[in-house]
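Position in the sequence shown counted from 1, then plus 72, gives you this note's numbering.
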Amino acid sequence: MTPLNIPEWQSLVRHYSDLKFLSMREQFALDSDRVHNFSLKSGDLLLDYSKNRITKETVEKLLALAESVDIPDWIERMFSGEAINNTEGRAVLHTALRNRSNAPVMVDGEDVMLAVNAVLSQMKNFCHQVHSGEWLGYSGKKITDIVNIGIGGSDLGPAMICDALEPYGIEGLSVHFVSNVDGTDLSTTLENLNQETTLFVVASKTFTTQETLTNAQSARTWFLKTAKQADVAKHFVAVSTNAQAVTEFGIDTANMFEIWDWVGGRYSLWSAIGLPIALYVGMDNFERLLDGGHEMDNHFRNQPLSENMPVIMGLLGVWYINFFGAQTHAIVPYDHSLARFPSHMQQLDMESNGKVTNREGHRISYRTGPVIWGTPGTNGQHAYFQLIHQGTQLIPVDFVLPVNSHYPECDHQSILLANGLAQSEALMKGKNAEEVRIELAAEGYEGKALEALLPHKVFPGNRPSNTLIVPKLTPEMLGQLVALYEHKVFVQGVIWNINSFDQWGVELGKQLAKAILPDLQDGVEISAHDSSTTNLIKLIRSLRD
Ligand code: F6P
Numbered sequence: 073m074t075p076l077n078i079p080e081w082q083s084l085v086r087h088y089s090d091l092k093f094l095s096m097r098e099q100f101a102l103d104s105d106r107v108h109n110f111s112l113k114s115g116d117l118l119l120d121y122s123k124n125r126i127t128k129e130t131v132e133k134l135l136a137l138a139e140s141v142d143i144p145d146w147i148e149r150m151f152s153g154e155a156i157n158n159t160e161g162r163a164v165l166h167t168a169l170r171n172r173s174n175a176p177v178m179v180d181g182e183d184v185m186l187a188v189n190a191v192l193s194q195m196k197n198f199c200h201q202v203h204s205g206e207w208l209g210y211s212g213k214k215i216t217d218i219v220n221i222g223i224g225g226s227d228l229g230p231a232m233i234c235d236a237l238e239p240y241g242i243e244g245l246s247v248h249f250v251s252n253v254d255g256t257d258l259s260t261t262l263e264n265l266n267q268e269t270t271l272f273v274v275a276s277k278t279f280t281t282q283e284t285l286t287n288a289q290s291a292r293t294w295f296l297k298t299a300k301q302a303d304v305a306k307h308f309v310a311v312s313t314n315a316q317a318v319t320e321f322g323i324d325t326a327n328m329f330e331i332w333d334w335v336g337g338r339y340s341l342w343s344a345i346g347l348p349i350a351l352y353v354g355m356d357n358f359e360r361l362l363d364g365g366h367e368m369d370n371h372f373r374n375q376p377l378s379e380n381m382p383v384i385m386g387l388l389g390v391w392y393i394n395f396f397g398a399q400t401h402a403i404v405p406y407d408h409s410l411a412r413f414p415s416h417m418q419q420l421d422m423e424s425n426g427k428v429t430n431r432e433g434h435r436i437s438y439r440t441g442p443v444i445w446g447t448p449g450t451n452g453q454h455a456y457f458q459l460i461h462q463g464t465q466l467i468p469v470d471f472v473l474p475v476n477s478h479y480p481e482c483d484h485q486s487i488l489l490a491n492g493l494a495q496s497e498a499l500m501k502g503k504n505a506e507e508v509r510i511e512l513a514a515e516g517y518e519g520k521a522l523e524a525l526l527p528h529k530v531f532p533g534n535r536p537s538n539t540l541i542v543p544k545l546t547p548e549m550l551g552q553l554v555a556l557y558e559h560k561v562f563v564q565g566v567i568w569n570i571n572s573f574d575q576w577g578v579e580l581g582k583q584l585a586k587a588i589l590p591d592l593q594d595g596v597e598i599s600a601h602d603s604s605t606t607n608l609i610k611l612i613r614s615l616r617d
């Protein structure tokens with residue numbers, strides 16, 4: 073099935089050609105109610121999507137497209153545990169991990185909530201032991217440092233949440249994340265830590281990931297510099313689906329927290345992959361995060377499409393990607409503690425929807441997932457915003473604005489918020505030649521000097537953005553926010569008829585790295601590669617110390 077042939081898609085093609093020059097500025101002038109017509113709430117989270125190149129008719133047509141591809145049906149199929157990850161034959165149930173209603177969710181005739189709740193209890197118990205000092209290091213000292221060793225979904229989500237919830241951190245406990253197989257990452261993390269008080273969480277869904285296992289082995293070697301083999305049990309725990317590989321690595325399965333194949337890596341922070349979060353901010357706050365995710369799940373499952381935040385955001389993305397030809401999408405949080413939010417969103421979106429093959433295995437001829445990028449405002453304003461304002465590409469932006477800071481320093485927060493709002497206003501309004509002329513004249517410019525400078529100071533405007541207003545970055549709000557984007561990605565995957573839950577595209581590089589690794593050793597005959605790779609291998613060999 074290709075969406076291109078759906079009448080609702082065709083109708084959007086025609087609508088686009090009528091509307092591609094629509095001026096948002098004019099629309100705001102014409103309709104004093106525009107902001108109310110194009111705003112939505114889910115709990116305390118507000119989405120203002122009025123600064124988009126849309127009319128009511130656009131939204132109606134996008135919603136008709138969503139209906140035509142059976143979005144409501146797909147939502148139910150996901151929540152009810154159907155194996156919608158068709159290439160791996162798996163259910164997709166990150167929603168069960170935060171199913172605070174505890175209503176049964178059946179997979180292969182079994183209610184997965186029993187296992188979910190059992191692991192949550194195990195996590196709670198373990199966190200209590202570590203926090204209370206019942207769980208001590210090998211020399212009888214309390215644990216002071218948690219080091220999570222994982223990569224991709226076993227790193228990005230938990231690292232982002234720990235940063236964001238730093239104000240909730242338990243006193244006396246620090247958390248560190250090691251992901252890169254570059255020895256710099258592990259070494260610089262361990263250099264200030266003490267073996268006696270460090271607890272490693274080896275997080276790998278598959279427990280076969282080369283980077284993670286290499287880092288975990290080196291961490292164990294570092295640990296054994298002062299400790300004995302028998303002490304490993306007090307300092308290494310694992311999160312995985314793969315009990316056999318965990319045992320082979322030398323971690324007792326009593327110290328293993330289970331996850332399941334129906335939890336995708338990039339959707340796994342809600343599972344025991346979130347253990348470093350629970351250790352760092354406490355199980356109560358981890359559960360508050362789950363509550364927030366669940367609240368967004370209820371919104372997504374129950375709200376009509378027209379009031380449904382992930383659906384609206386997903387459709388707006390499709391509007392820009394497939395009709396305006398946008399290739400990238402910026403996510404800009406105006407909160408320093410969300411510094412890693414764009415990176416997590418990058419994996420979430422690009423690993424899910426970076427696909428060129430549809431669910432039936434056919435190559436597709438339309439655009440799918442965009443490049444996701446961003447950094448916290450206001451830093452981005454002094455780096456790449458020039459291109460968003462005056463560059464030749466259309467780049468939709470999501471502004472994420474938490475209103476109240478955990479660190480209310482004088483007027484910092486007001487300045488931060490003013491900047492965020494100013495950016496979205498500037499992108500929408502722009503500044504036309506007439507306005508620039510008046511401004512330059514007021515500054516004393518005239519004649520040729522004025523005319524020469526004028527075109528450089530024109531802002532085309534009409535550049536779209538969404539604004540998400542978050543009252544304060546609490547665990548619940550953060551949970552809602554992450555779940556919102558997870559569902560947005562799913563909605564887009566359904567429209568594009570792709571499976572958002574596999575990631576075959578990361579396999580080839582892994583395979584080739586395994587083949588190249590032995591070739592890097594001196595004296596070994598280099599296996600067959602293209603001439604560029606062979607040459608680079610030879611050069612690297614010659615340059616190695
Ligand atoms: O990069 C591919 C990937 O499989 C991600 O999807 C996953 O989050 C990451 O590697 C880590 O995998 P694992 O948790 O199995 O070590």
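Glycine included, every Cβ here is placed at the ideal spot set by N, Cα and C. Just so we're clear, the structure is a prediction, and the values are computed from it rather than from any experiment.
Cα-Cα separation between D421 and T256, rounded to whole angstroms: In the sequence shown, the residue the question calls residue 421 occupies position 349. In the sequence shown, the residue the question calls residue 256 occupies position 184. Spanning the two alpha carbons is a distance of roughly 28 Å.
Element boundaries [beta strand (DSSP E), containing V542]: Along the sequence shown, one-based indexing puts residue 542 at 470. From DSSP, the beta strand (DSSP E) with V542 extends over 537-544.
Contiguous alpha helix (DSSP H) assignments of at least 4 residues, all confined to the region 511-594: 519-525, 547-567, 579-591
W332, buried or exposed, once every other Cβ within 10 Å from all chains shown has been counted against 16: The sequence position of residue 332 within the sequence shown is 260, counting from 1. W332 is buried by the Cβ-count criterion.
Proximity to H416 [Cα-Cα], best of S246, A505, G225: For the purposes of this step, residue 416 is identified with residue 344 of the sequence shown, where counting begins at 1. Cα-wise, what sits closest to H416 is G225.
Of the residues L91, N314, Q99, the one placed nearest T130, counting alpha carbons only: The residue given as residue 130 occupies position 58 in the sequence shown. That would be L91, whose Cα lies nearest to the Cα of T130.
N124 versus G463: straight-line alpha-carbon distance, rounded: The residue you call residue 124 lines up with position 52 of the sequence shown. The residue you call residue 463 lines up with position 391 of the sequence shown. Between N124 and G463, the C-alpha separation is close to 18 Å.
E243 versus S140, T216, V469, I598, residue with shortest Cα-Cα distance: Mapped onto the sequence shown, residue 243 falls at position 171. Checked all of S140, T216, V469, I598; the closest Cα to E243 is T216.
Within the region 251-307, ranges of the beta strand (DSSP E) (whole runs, at least 3 residues): 270-275
Residues that H401 bridges to, as DSSP identifies them: Within the sequence shown, the letter at position 329 stands for residue 401. Looking at the DSSP assignment, H401 forms a beta bridge with I444.
Per-residue DSSP class, three states only, for T429: As a first step, residue 429 must be located in the sequence shown, where it is residue number 357. In the structure shown, T429 sits in a strand (DSSP, three-state: E or B).
Nearest-angstrom beta carbon gap, A168 and A155 [assumed within contact, 8 Å]: For the purposes of this step, residue 155 is identified with residue 83 of the sequence shown, where counting begins at 1. For the purposes of this step, residue 168 is identified with residue 96 of the sequence shown, where counting begins at 1. With a Cβ gap of about 14 Å, A155 and A168 do not count as contacting.
heavy atom of ligand 1 below 6 Å from V335 C-beta: Position 263 of the sequence shown, counted from the start, is the residue given in the question as residue 335. No, since every heavy atom of ligand 1 falls outside the 6 Å radius drawn around the Cβ of V335.
Endpoints, the alpha helix (DSSP H) within which R189 is located: Taking the sequence shown and counting its residues from 1, the one referred to as residue 189 is at position 117. Per the sequence presented here, residue 189 reads as Asn, with Arg not at that position. Its alpha helix (DSSP H) spans residues 184-204.
Span separating the alpha-carbon of T269 from that of G209: The residue labelled residue 269 in the question sits at position 197 within the sequence shown. The residue labelled residue 209 in the question sits at position 137 within the sequence shown. So the two alpha carbons sit approximately 6 Å from each other.
Assigned exposure category for G212 - 16 Cβ within 10 Å defines buried: Taking the sequence shown and counting its residues from 1, one reaches residue 212 at position 140. Counting Cβ neighbours within 10 Å, G212 comes out exposed, since fewer than 16 surround it.
Classification of V561 by the beta-carbon crowding that lies within 10 angstroms, buried from 16 upward: Locating residue 561 in the sequence shown gives position 489, where the first residue counts as 1. Answer is buried; the Cβ neighbour count reaches 16.
Cross-strand partners of I221 (DSSP beta bridge): Counted from its first residue, the sequence shown places residue 221 at position 149. According to DSSP, which records beta bridges pairwise, I221 is partnered with V250, V274.
DSSP three-state assignment for L119, whether helix, strand or coil: In the sequence shown, counting from the first residue as 1, residue 119 sits at position 47. Strand, per DSSP.
Where C234 falls, given that 16 or more other Cβ within 10 Å makes a residue buried: In the sequence shown, counting from the first residue as 1, residue 234 sits at position 162. The residue is buried, with at least 16 neighbouring Cβ atoms inside 10 Å.
Enclosing beta strand (DSSP E) for P474 [first to last residue]: What you label residue 474 is simply residue 402 of the sequence shown in a count that begins at 1. P474 -> beta strand (DSSP E) spans 469-476.
For V554 and L410, the rounded distance between their alpha carbons: Residue numbering aside, residue 410 sits at position 338 when the sequence shown is read from its first letter. Residue numbering aside, residue 554 sits at position 482 when the sequence shown is read from its first letter. Spanning the two alpha carbons is a distance of roughly 11 Å.
Proximity test, I223 beta-carbon vs ligand 1 heavy atom, cut-off 6 Å: For the purposes of this step, residue 223 is taken as the residue at position 151 of the sequence shown. At least one heavy atom of ligand 1 is nearer than 6 Å to the Cβ of I223, so yes.
Exposure of T546, with buried meaning 16 or more beta-carbon neighbours within 10 Å: Sequence index remark: in the sequence shown, residue 546 carries index 474 (1-based). Buried, because 16 or more other Cβ atoms sit within 10 Å of the Cβ of T546.
One or two residues paired with F329 in a DSSP bridge: The residue labelled residue 329 in the question sits at position 257 within the sequence shown. According to DSSP, which records beta bridges pairwise, F329 is partnered with V311.
6 Å Cβ shell around E423 - same chain, five flanking residues per side excluded: On the sequence shown, residue 423 is found 351 positions in, with the first residue counted as 1. Only R338, Q575 meet the Cβ criterion.
Simplified DSSP state of K113, which is helix, strand or coil: Locating residue 113 in the sequence shown gives position 41, where the first residue counts as 1. Strand.
Limits of the unbroken alpha helix (DSSP H) element including D363: Taking the sequence shown and counting its residues from 1, one reaches residue 363 at position 291. Its alpha helix (DSSP H) spans residues 355-374.
Any non-hydrogen atom of ligand 1 closer than 6 Å to V578 Cβ: By 1-based counting over the sequence shown, the position of residue 578 is 506. Yes, ligand 1 has a heavy atom inside 6 Å of this Cβ.
Expected contact under 8 Å - CB spacing of I221 and T284 to nearest Å: The residue you call residue 221 lines up with position 149 of the sequence shown. The residue you call residue 284 lines up with position 212 of the sequence shown. Their Cβ separation, rounded to whole angstroms, is 6 Å, which keeps I221 and T284 in contact under 8 Å.
Range covered by the alpha helix (DSSP H) that runs through K133: Your numbering for residue 133 matches position 61 in the sequence shown. Run containing K133: 128-140, per the alpha helix (DSSP H) assignment.
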